[in-house]
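Residue numbers (the working numbering), protein chains in the order written: chain A, 264 to 669; chain B, 264 to 669; chain C, 264 to 669; chain D, 264 to 669. Glycine residues also receive a C-beta, built at the ideal position from the N, C-alpha and C atoms. Here the structure is a predicted model, which means the values were calculated and not measured. Here the structure is laid out as C-alpha cells; the discussion comes afterwards.
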C-alpha cells in the first residue's frame, strides 16, 4: 500500500515568504561576491527545492496602481536565494544543473510585468497566463529563472568591476546609467556574518543587473523548466544562487521589467564534471533547452534593420540592438492596427513567448533581426487579409471583453 | 487517361544558364533602381518560375582551390532575376508573395560557402547537404532566397543613398567598408535599354548588399520554401526581383558568404492587397514562415554577452552584435575540442540550420544573445559528458572519414 | 507591496489523502451513474482544483515487491474524484473543460506502472520520470487524466449496459473478460446518500474500465496539461468526474496498467456552450491538445501488420489491433538487442511518450500501424549502425548502472 | 568558374513517361517475385534517381469526370519502378535506403485522389496542394512513396501466398475481397525475359496491394522525403522496387485511393549493413522519419471507440480498426457542420496531413483511436465557439470561392 513512510518529499533547502520584505529573510542575497558563504550544501545527484521571492523582494502588489512599480527601490535587487554549495565542486570544474521544476506559490497565483510606470498584474492559471490588462490573449508559460549563476572568484569579480568601471567612466553620467558599480546601499547577504565581512561584500560585491561569465541575469527564456545547464565553477563548492523567476518572457525582454515576474519554487538536481572548464572550453554557461517548451508553429514575423525608421531615420553601422528595436516597433505598429494600445503592445511582446532571431550581421551596413509573434496566443485571427485588420477596443481591462469560454 | 494536353506546366518567366557569366544573360540585374523596367508581367494568382544564377553569377567553381573565392568581383553582385511586374499593383499596396518552391538545377547539384579565402564546394543530395570539407555532418536544407524585394521609388532610393552616404562620410575610409555607395563599375541591367537610362541606373542604383525597407538582402533563413511574404509596393507593378538563393544558412550568416550559395529555380505565386501599407502599418516586409522548416528539437546552446572575452576583454554597451559574435566564438571553441578546425567551424555555423536568439537587451551593460546548434546534424554524439569530448581528426576532407552508409 | 490579502489561491473543491484507502474518503466514486449527486458546484469561468488518489485508491506501494500489483482488487477501480456540477449546464450542451495543471502531491513524488505481476516504482523529479528498474532512460512527462468524463443520462447508461451485455453473452466466459458488467461488490459513491439509492447505483452503475460517449477511461495521452476539451452534457449540471492521473503514457498503453500511475492535483476551468451537441455534431468528446507537449523530434519507427509474425504467422483481416501489437513486438525485439529485458521493454513502451500511428487500413488484408520511439529519452545512442547494436546489461536496477551525473 | 564539366547530375536509372500506359514501358513491374531480375545495379553510397508513373500507370486523367476512377483496371496495379540491385547485398543483410527527394514531373503538376467513384484532380503548387473540388483548404505535402520494398525470397513468397490463401478460403466470396491471390491477368514485368519465366512470375507473383515483411504497400505517410529506411534483404542484390508516389496522405488513408496520387521522380542513396537482420531483429522495415515533415502544431482531435455509434450501435471487442473509422466519422460529422459535403470530407481527411493515434487498446471492450485535423490547413477558423460553426457553401468547385490571395 502507498504509505507516507516510503514517500519521501524532496527537501526544501531555502524557505521564504513571498509577502515579507526580502531584507527580513534568511537565505537571500542581492550581490555577487566570493566571500558569501553557502547557506546549504548538497551532494551531487540529490534533488532539492529552493524557494524564491520575486526579484524585487515583495515590493510590487497585485493592484491596479502603478505606484509600486514607479517607486521600486533598485538598490535592493535582484533578490537571490542561495548560495548552495555542491560537495566536491572545485574551481575549474563544470557544475551540471538540471532545472526540474519551477512553479508559483499556490498562495500567490499571480505575477506582474511593467514598463516601469505601468503596473500589470495578471493571473497564472496552471500553465497559462492571462491578464485583465491585455484582453484577447492567453499563452502557455515558459517558466525559467531570469537569474542563475555560480559565485565568482575574487579575480573574476575584480575583472568585472574594472571593465564596467571603465565603461562608466567613458560615458560619464547618463540616464539610464550604462552600468551599475558596486553600491553598499541596499546590499544584503541574508546570513549572520562578521560585520566586517558584510561591509566588504557590500562594498565590492557585483550588482546583479547584467549577465556575466558565471551566468547571472541572462534573462534567456529557453533556460526553462526541463533544461540542463553547464556552469563554470570559480570557487570551492560552486556556490549556486538563483532568483528573478519568470513565468514567461519574450526574446529580448523588451521592456525593463519585461518578463512576467513571480515568486516561486524551483527544483534542482546537480552533478559535477571534473575539469569541465578545460574539457568544454567553458568560458560561459552552455545549456540544453527543455523538450517541453510551448510549440506555437505559426508565427507572424517582423523584420528590423539597423536604421531608425521609426525615429529620425538614422543609419547605424551593423547594430543588432537597433535592428531588434526596429523589429519590435514594426510589430507594435501592426498590433496597434488591431486595437491594442502602445503600452499593451510593450507588455505583450515582453511577456509572451515571442521569438527574436538574429537574421544576418554581415550585410553592411544593415544588421537584420526578426521578431516572430505566435498567432496561437490570440483568441482572434490577427493575420493580414484583403479586407485589412479589424480594430477592436481592448483599451479597458474589462474581463468580459475577453469573451471567455472558448 | 493522363495526357500532356491537360497537364500544363507552370511557365518559366526568366531562364538563365548557371554556367554562363551573368553579364552575358538577359533578365538579370545587380542594382536597385525604380527605372529598371519589368522583364515580365504576371497576373495575381498565377503560378510561375524564375531561374537564378548564383549570387556571383557563375564566378565560383566546384573545385578545391580557394582562388575563385579570393578573386570574386564584388562590384558585380548580387545578380538578381527580374523585375517581375504584377498587374494592378500600385504604390501603397501590399504585394503578397508565396514562395512555393526553391530547388537547385538538376544539372548543378552542388553549392558552396566560403570564409572569403577558403572555398568549400559541397554536395546537395535531395534535401540534404554534405561537404567533403566538413566530414561527420549532414543536414536538411532550409532553402530560401537570400535576397528578394520590390523596387524602390525614386524618393526611397534617394533616402537610402543619403543616409548611407552620411555613414560612409562619418567613418572615413575603413576596411571592410561600412557601406557601399552607388558604383557604376560592374553595374548591369540585363535589358536592351536606352544607354542614357542605363547610365542613370548605374550611377544612382543602390547596391544590393544590405537589406532595406523593400526587403532586399535580408538573409533571413526562415523566408523559406513554403513561406508567405507581404511586401510594401513603391512603384507601379511592384517590380519584384529575387536572387542569392541559399540551400541553407545559419542565423547570422556568420561568415561573409556564409550560406550555402546555389543557382536554381524558384516558384512563386502573388496577389495584391490594395492599400496594404496603411492597412498593416507596413514599413518593411512581414512574413509567415513555412510549415516545413526542418525540426531538430535538441540543441546545444551557447551564450554570448557584449564583452569581448575572446579578445581583449573590452566591455561594450548593450551591443547585441558583439554578443552574437561571442556566442559564436564560444560555440567554435567547443567544436574545436571535438576536432574541427577553426575554418570548418566558421563554415559549419554559417551554413547549418543554427538558431540565434536575442536573449535580452535590457540588462545593462550586457546584451545577451544565444546560438543553438542542432545536435542531430552530427553523425556522432557531441554533448558534454563526464569523460570530456572525444577529439577526432576531421582535418582532411577524405570522404572515408565520414564513414558513410548509415 | 505583495500581500496575502490580494493573493487568492484557487480553491480546492475535493481534498483526498493519497495514503488512505479510497473507500474511507469523501468525494470519490468508482461507478458511472446519473443519480450520483454532485459533491460540489462551480460557476463557468471559475478556476478550481481537484485532488485525486491513484486509480487503485492507494493499493500500490513504493517497494520492490510485485505482490501489491498481483493482488490489486479490481472491483474497486477506478477511483474518481467528483462529480462536479457546472451551473447552467443542461443536457444537449457542450461542457468546455480547460485542463490547466496536473501535478503529483509534493509528499508523494513517485508513481508506478506494471505489467500486472511486476511492480515498478519510479521517481518523478519535476518534469522528468526515471525508474530504478529501467536504467538509461529519462523522459519528460505528458501528464494527463487517464479518465475524465461527464455523467451519463439514464438512457445512455441503459444503452451501455445493453450493448456490453450482449458482447459478454456472445463470448461466454473468457480470460481476460471481454467486458465488465455492473458489479455491486466494491462499488463506492463517497457521499452520505439514501441506502436504497446507493444500492441502485451499485447495481446499475457502469464500470469505469472502457471509454464511452461521455469520455471516460480513454487513456489518450494527448489530453494533457494545457489542453481544452469539449464534452457532451447528458445530465443537469454536466457532473464532471476525473481520476486515474498519469504522469506519462505511451500511445496504446501497451500493458494493462501501462501508464505511470500517480495520485495528484488537477486544476480546471470550465465554460458552457449552449446546444453544443447539435452545434458540433458532438457524439463524443473532441479536444485541442496542449501547446506544451514534449517535443522529441527524432524517432525510431517500427511497423506492424495484421499478420502475427511474432506468433503462429496467422493472417488477420485488416485488424489494426493486431498490427499495433506486431509493431510493439518488433520494437521490443529491437530493444532486447540493446540489453533490456522483455519486462523492461513492456514497461518502457507503455510509459514513455511513444507515438503510435494508424498508417493505413485500406490495403487488404493488412492494416499497417507504426510505433515510434523517441531516441532522445535514452542516455545512449540506440540507432542502427554498421557495427550492430551494443548490448548493455540493464538487468539489475542498480542505480549506479544509470551512470548518472550528466 | 562554375562549369558543366564539374557539375555531374545524379543519374536517372529508370526513365518513364507519365502519359504512356505502364504496360508499354520498360523498368516497370506490378507483381512481387524473386525471379524478376534487376533492371539496374548501383554501388553502395551512390545517389541516383528513379522515375515512376502513378500507381495506375496513367489510367486517370486531369478532368472533372469520375469515369476514369470508376473504370480503373485493378489487375494492373500497382506499377512499380525497379528492381534495383545493390552491389554486395545478400540475404540476411539490412539495406539502408535514404529517400533524398520526391517530386512530381515538371510537365505534370497535378495529382488526384478519389473515393472510387468520385475523381478529384488538384493542383500541386510547389510544396502546397490545393483542389478546385475542396475550396478553403491548402496544405504542405508530405511526399512519400506509398509502396517501397525489397524482393521476397521464394520461401517468403510461398508463405505469403499460403497465409493469404487461407484467409480467402475462410471468408469465401466477399465484396470487397478480403485479399487478392496471384492473378496472371494484368501481370507485367517490363523486361524482355524468357516467356516461361514471365508466365511463372505472373502465376506466382504476389499482388502489390498489402504491405508485408519486405515493406511493400504500407502507405505510411511518414516514410517521407528525407527519411532513412532499413529493409531486410531476402535475395541477392536486395532488388528494391518503388512506386505509388504520394504528394500527401492522411494517417489511415481513409478512402481506398486516399492519398494524392502522382507520377514523379524519387532520389535515393543506399548502403548495406552486413547481417543486419540478425543485428537489429529486423522482421520488417524500420525507419527514421524526415526532419522536415510539415509542422502544424494546433490540431482539433476527434475520438473513436470500438462501438459503431454512427451505424447500428454494435459493440465490437477491442477493435482498433472500428475505432479509427468512428473517429473519422466523428470528424466528418463536424466538418459537414462547416459546410463540406460528405465526399469532400472523405477526400480531405484522406489526403491532408491528418494524424491518427492509437490511444489505448487495453480498456475492454473499447479500443480508443484519435484523429487530429491540423487547423492551419484551412483558410478560415474551424474551432468550436460559443456561437456554433459558420456553415459555408463549398459545394461547387468554383475557384472564386477560395477567395485567393491571403
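Going by C-alpha to C-alpha distance, which of 541/A, 501/A, 537/A and 627/A sits closest to residue 416/A?
Nearest option by C-alpha distance: 501/A.
Inspect the beta-carbon positions of residue 567/D and residue 612/D and report whether they are closer than 8 Å.
Not a contact, by the Cβ cut-off of 8 Å.
Could one say the Cβ of residue 525/B lies closer than 8 Å to chain D's Cβ atoms, at least one of them?
Not one chain D Cβ lies under 8 Å of residue 525/B.
Output yes if chain A places a C-beta closer than 8 Å to the C-beta of residue 560/D; else output no.
Yes, residue 560/D counts as interfacial toward chain A.
Report the residue from 352/A, 400/A and 285/A whose alpha carbon sits nearest the alpha carbon of residue 640/A.
Out of 352/A, 400/A and 285/A, 400/A has the C-alpha closest to the C-alpha of residue 640/A.
Would you report the Cα separation of residue 331/C and residue 322/C, rounded to the nearest angstrom?
Whole-angstrom Cα-Cα distance: 7 Å.
Is the region 516-531 of chain D touching the region 305-315 of chain D, taking contact as three or more C-beta pairs under 8 Å?
Yes, the region 516-531 of chain D is in contact with the region 305-315 of chain D.
According to DSSP, what are the bridge partners of residue 492/B?
Paired residue(s): 360/B and 550/B.
Given residue 467/D, which residues of its chain have a CB within under 8 Å of its CB, disregarding the five upstream and five downstream residues?
Hits under 8 Å: 296, 420, 424 and 445.
So residue 319/C contacts chain D; which residues on that side make the cut at Cβ distance below 9 Å?
Per Cβ cutoff of 9 Å: no residues; residue 319/C is ~15 Å from chain D at best.
Residue range of the alpha helix (DSSP H) that residue 412/A falls in?
Not the alpha helix (DSSP H): residue 412/A falls in the beta strand (DSSP E), residues 407-412.
Residue range of the beta strand (DSSP E) that residue 590/B falls in?
Note, residue 590/B: premise wrong, no beta strand (DSSP E); alpha helix (DSSP H) at 583-601.
Using three-state DSSP, classify residue 341/C as helix, strand or coil.
Looking at residue 341/C - three-state DSSP - the assignment turns out to be coil, as it is neither helix nor strand.
Could you name each continuous beta strand (DSSP E) segment of 3 residues or more that falls completely within the region 601-642 of chain D, going from the start of the chain to the end?
Within the region 601-642 of chain D, the complete beta strand (DSSP E) runs of at least 3 residues are 618-623 and 631-637.
Which residues share a DSSP beta bridge with residue 565/B?
549/A and 634/B.
With a threshold of 8 Å, are at least 3 pairs of Cβ atoms found where one atom belongs to the region 468-475 of chain D and the other to the region 270-287 of chain D?
Flag = no, the region 468-475 of chain D and the region 270-287 of chain D do not touch.
Which residues bound the alpha helix (DSSP H) around residue 310/C?
From DSSP, residue 310/C is part of no alpha helix (DSSP H) but of the beta strand (DSSP E) over 310-315.
Going along chain B, which residues have a C-beta under 8 Å from residue 370/D?
Within chain B, the residues near residue 370/D are 267, 270 and 272.
How do the region 587-605 of chain B and the region 477-493 of chain B stand: do at least 3 beta-carbon pairs fall below 8 Å, yes or no?
Judged by Cβ distances under 8 Å, the region 587-605 of chain B makes no contact with the region 477-493 of chain B, as fewer than three pairs qualify.
Would the region 509-517 of chain C and the region 364-375 of chain A be scored as touching if the rule is three or more Cβ pairs under 8 Å?
Too few Cβ pairs lie closer than 8 Å, so no.
Going along the region 632-651 of chain A in order, which residues come within less than 8 Å of chain D, judged by CB to CB distance?
Of all residues in the region 632-651 of chain A, 639, 644, 646, 647, 648 and 649 have a Cβ within less than 8 Å of some Cβ in chain D.
When the Cα atoms are used, what is the spatial distance from residue 645/D to residue 288/C?
Roughly 43 Å separates the two Cα atoms.
Going straight from the alpha carbon of residue 654/C to that of residue 316/A, what length do you get?
When rounded, the distance between both Cα atoms is 48 Å.
Report the rounded CA-to-CA distance for residue 413/A versus residue 346/A, giving the unit in angstroms.
The straight-line gap from Cα to Cα measures roughly 8 Å.
Within the same chain, show all residues whose beta-carbon is closer than 7 Å to that of residue 624/D, passing over the 5 residues directly before and after it, in chain order.
These residues qualify, in order along the chain: 581, 583 and 630.
Count the other CB atoms, across all protein chains shown, that sit within 10 Å of the CB of residue 272/D; report buried if there are 16 or more and exposed otherwise.
The residue in question, residue 272/D, is exposed, as its Cβ has fewer than 16 Cβ neighbours within 10 Å.
Alpha carbon to alpha carbon, how far is residue 278/B from residue 402/D?
Cα-Cα distance, rounded: 29 Å.
So, are the CB atoms of residue 506/A and residue 343/A less than 8 Å apart?
Cβ atoms of residue 506/A and residue 343/A: closer than 8 Å.
Going along chain B, which residues have a C-beta under 8 Å from residue 426/A?
Here the neighbours are 570, 576, 577 and 578.
Where do the ends of the alpha helix (DSSP H) carrying residue 217/A lie?
Given a span of 264 to 669 for chain A in the structure shown, any question on residue 217/A remains unanswerable.
So is residue 447/C in contact with chain A if we call contact Cβ pairs under 8 Å?
False, the Cβ-Cβ gap to chain A never drops below 8 Å.
Nearest by alpha-carbon distance to residue 540/D: which of 441/C, 549/C, 339/C and 597/C is it?
With distances taken between Cα atoms, residue 540/D lies closest to 597/C.
What is the rounded straight-line gap between the Cα of residue 523/B and the Cα of residue 397/B?
If I take the Cα positions, the gap works out to 13 Å.
Can you give me the C-alpha to C-alpha distance between residue 590/B and residue 575/B, rounded to a whole angstrom?
Using only the alpha carbons, I get a separation of about 16 Å.
Which residues in the same chain as residue 335/D place their Cβ atom closer than 6 Å to its Cβ, once the five residues preceding and following it in sequence are excluded?
Cβ within range, chain order: 319 and 322.
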